[in-house]
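Protein chains: 2
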Amino acid sequence: MNKPMMCSTISHLLVQICKVHRNKGNQMLAAYNLHAGQEHFLAQVLCGGAMTMNELTENLDVTPATVTRMAERLEKNGFLTREKCCADQRVVRVKLTEKGTEAATEIIDTTWNKLEQQIVKNMSTEEKVLLRRLLMQVLENIEEEE
Amino acid sequence: MNKPMMCSTISHLLVQICKVHRNKGNQMLAAYNLHAGQEHFLAQVLCGGAMTMNELTENLDVTPATVTRMAERLEKNGFLTREKCCADQRVVRVKLTEKGTEAATEIIDTTWNKLEQQIVKNMSTEEKVLLRRLLMQVLENIEEEE
DNA sequence: ATATAATATTTAGCCGGCTAAATAAAATCT
DNA sequence: AGATTTTATTTAGCCGGCTAAATATTATAT
Chain A
1 MNKPMMCSTI
11 SHLLVQICKV
21 HRNKGNQMLA
31 AYNLHAGQEH
41 FLAQVLCGGA
51 MTMNELTENL
61 DVTPATVTRM
71 AERLEKNGFL
81 TREKCCADQR
91 VVRVKLTEKG
101 TEAATEIIDT
111 TWNKLEQQIV
121 KNMSTEEKVL
131 LRRLLMQVLE
141 NIEEEE
Chain B
1 MNKPMMCSTI
11 SHLLVQICKV
21 HRNKGNQMLA
31 AYNLHAGQEH
41 FLAQVLCGGA
51 MTMNELTENL
61 DVTPATVTRM
71 AERLEKNGFL
81 TREKCCADQR
91 VVRVKLTEKG
101 TEAATEIIDT
111 TWNKLEQQIV
121 KNMSTEEKVL
131 LRRLLMQVLE
141 NIEEEE
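Protein sequences, first through last, are from chains A and B.
Using UniProt numbering, the first residue of the first sequence is number 1, and each one after it goes up by one.
Using UniProt numbering, the first residue of the second sequence is number 1, and each one after it goes up by one.
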């Protein structure tokens, strides 16, 4: 029986990192009653103002279905409101509430940066640059067709 | 209004990569009627023989609850069987069926390696080594307490 | 003007992942 | 031996992510 050492593959490392990263995010965001991923949603609306669902699916690189349900939950918890556009009755616009604006702003300034710094802790500037470059390359590689 | 460029953070890159990586995995595994993550489960049992739930949660770095449900589904689809241990009636042992063994073996040899190669496509040996080292460092950094 | 196609969202359902609480069986303490 | 604690799994419920199909509304073609 062959014992492939898949624990040492880059695939495995990436999956592992992503999982821990998400869990860390969840821990940090629990204080705001938010889950990892939702902070991204809020940040996007904070930057873009009243955005449409469509714009959100593009900017978040996520399925329309996912955006709909996230918006649903964030609205239910008072972070934002949804309303149909007058001009085109198909499109729905999302706006942050005060609570949403506060949360998003605070999270970007604290939680977000804290996590980002923890990731590259004790790396030299060169290493950081290199890491980013390599990761961007990885992203390109797996985004290609076939 | 400040516009934090969070799209260029390493956090964001990691999340993005992970998502695309998982989708790619799903596409590739669809042929076996499996989903990303399940192939890891099968591979683990293939290597370890009849494993207990507990061993699986440790080796897969996943919650007991997750293991239970994955095993449930994999059993339902005929990839493995579950049975209680004689000696200790608490522990449940998982075994691959023929179908499971075949699928796992094939996936490791093909899908798995293909994806792994695609990730580091057009990288020099040095870059690959460096990437792995940096990723391991990232993992260590975020795994630490506080 | 009416039928058809394109666009924007939603709905339903499946997955992996997590937490918290419930079970059940073995080990330990008194 | 009987009560208590520890260990192994399961159950219930919540999240983000996806696909496929359903709606509804606007744009286009005939």
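Note that the Cβ used here is the ideal one computed from N, Cα and C, for glycine as well.
The beta carbons of Gln44/B and Met53/B sit about 12 Å from each other, so the pair does not count as a contact at 8 Å. Contact holds between the segment 17 to 30 of chain A and the segment 127 to 143 of chain B, because three or more Cβ pairs, one in each stretch, are under 8 Å apart.
Here DSSP, grouped into helix, strand and coil, assigns Glu144/B to coil. Here the alpha carbons of Glu98/B and Lys76/A stand approximately 48 Å from one another. By the rule that beta-carbons nearer than 8 Å mark a contact, Ser124/B does not touch chain A. Listed along chain B is no residue with a C-beta nearer than 7 Å to that of Arg82/A; the closest approach is about 21 Å. Per the Cβ contact rule, the segment 113 to 125 of chain B is not in contact with the segment 60 to 73 of chain B (fewer than 3 Cβ pairs under 8 Å). Chain-order list of chain B residues neighbouring Leu42/A: empty, with the shortest C-beta distance near 11 Å, by a criterion of under 7 Å. Shown in chain order are the members of the segment 20 to 34 of chain A whose Cβ falls below 7 Å from a Cβ of chain B: Val20, His21, Lys24. Residues of chain A with a Cβ closer than 7 Å to the Cβ of Leu131/B are, in chain order, Ile10, Leu134. Residues Tyr32 of the same chain have their beta carbon placed closer than 6 Å to that of Ala103/B, with the five preceding and five following residues left out of the count. At a cut-off of 8 Å between beta-carbon atoms, Ile107/A makes no contact with chain B. By the CB criterion at 8 Å, Leu46/B and Thr111/B fall outside the cutoff.
Distance check between Thr125/B and each of Lys84/A, Thr125/A, Leu134/A places Leu134/A closest, using alpha-carbon atoms only. Per DSSP, Arg132/A has no beta bridge partner at all.
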